[in-house]
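Using our numbering, the first residue of the sequence shown is number 21, and each one after it goes up by one. Every residue, glycine too, gets a C-beta built ideally from N, C-alpha and C. Here the structure is a predicted model, which is why all the values come from computation and not from measurement. Here the structure comes first, spelled out in structure tokens, and everything after it is commentary.
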Amino acid sequence: MNLKLTLPLVAFSALAATAVAAVDHEAGVPLTPAEAAGAWTVETGGHAICLIQLSAEKSGNAGFAATPGANCGDALPAGVTGWAPTSEGMALTGDNGKVLVPFNRWSNSLFVSHRSSGTDVQLMRGGPNPSN
21 MNLKLTLPLV
31 AFSALAATAV
41 AAVDHEAGVP
51 LTPAEAAGAW
61 TVETGGHAIC
71 LIQLSAEKSG
81 NAGFAATPGA
91 NCGDALPAGV
101 TGWAPTSEGM
111 ALTGDNGKVL
121 VPFNRWSNSL
131 FVSHRSSGTD
141 VQLMRGGPNP
151 SN
């Protein structure tokens, strides 16, 4: 009787693992302008700090336009005016196109930058989670 219960459980676990893998099929893939367009939440230390708007519109040497919220403070360096796709995800850039913050794509809606200070900065698609 234990075998009858175990086999369906194993089959369900295999299907669930496949579904999770399918959701994160974009990890390590460059972000396209169409995918990027919209609001992204900047998080650090487990807290939503501010919003940044990414655009699919070109912005001179900066790549595509990016507009960080005035309340981003030290979460992002001064001078972010754009973003550009990279081989690992995307980067926030200055008006001269210089990479200011590189981000690795972890999933369809999560990008992570490992800072030299040891604190990660994350970009999550959409507005902040109201429970934070």
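- Message: What would DSSP say about alanine 54, mapped onto helix, strand or coil?
- Response: Residue numbering aside, residue 54 sits at position 34 when the sequence shown is read from its first letter. Reduced to three states, the DSSP call for alanine 54 is helix.
- Neighbourhood of asparagine 116 by C-beta, 8 angstroms cutoff - its chain only, sequence neighbours within 5 removed: Residue mapping note: residue 116 aligns to position 96 of the sequence shown, counting from 1. Scanning its chain for C-beta atoms nearer than 8 angstroms, with the 5 sequence neighbours on each side dropped, one finds around asparagine 116 the residues Asn81, Ala82, in chain order.
- Cα-Cα separation between proline 88 and leucine 143, rounded to whole angstroms: Here residue 88 corresponds to residue number 68 of the sequence shown, with the count starting at 1. Here residue 143 corresponds to residue number 123 of the sequence shown, with the count starting at 1. Approximately 12 angstroms between the Cα atoms of the pair.
- Buried versus exposed, by CB contacts within 10 Å (16 or more), alanine 76: Within the sequence shown, residue 76 is the residue found at index 56, counting from 1. Exposed, by the Cβ-count rule.
- Coil, strand or helix - glycine 109 by DSSP: For the purposes of this step, residue 109 is taken as residue 89 along the sequence shown, with counting starting at 1. Glycine 109: strand per DSSP, three-state reduction.
- Message: To the nearest angstrom, how far is the alpha carbon of glutamate 55 from that of glycine 66?
- Response: The residue labelled residue 55 in the question sits at position 35 within the sequence shown. The residue labelled residue 66 in the question sits at position 46 within the sequence shown. Taking the straight line joining both Cα atoms gives about 24 angstroms.
- Under the three-state reduction of DSSP, which class applies to alanine 47: helix, strand or coil? The residue you call residue 47 lines up with position 27 of the sequence shown. Coil at alanine 47, not helix or strand.
- Message: Relative to the C-alpha of glycine 58, which candidate in Ile72, Ser107, Ala68 has its C-alpha closest?
- Response: Within the sequence shown, the letter at position 38 stands for residue 58. The candidate whose alpha carbon is nearest that of glycine 58 is Ile72.
- Could you tell me which residues DSSP pairs with cysteine 70 in its beta bridges? Sequence index remark: in the sequence shown, residue 70 carries index 50 (1-based). Answer is Val62, bridged to cysteine 70.
- Message: Spatial neighbours of serine 133 within its chain, please: C-beta separation below 7 angstroms, excluding the five flanking residues on both sides.
- Response: For the purposes of this step, residue 133 is identified with residue 113 of the sequence shown, where counting begins at 1. Hits under 7 angstroms: Val121, Pro122, Phe123, Asp140, Val141.
- Task: Can you tell me which of the three DSSP states glycine 89 falls into?
- Result: As a first step, residue 89 is located in the sequence shown; it is residue number 69 there, counting from the start. Reduced to three states, the DSSP call for glycine 89 is coil.
- Query: Buried or exposed: where does arginine 135 fall if 16 or more other Cβ atoms within 10 Å of its Cβ makes it buried?
  - Reply: As a position in the sequence shown, residue 135 is number 115, starting the count at 1. The residue in question, arginine 135, is exposed, as its Cβ has fewer than 16 Cβ neighbours within 10 Å.
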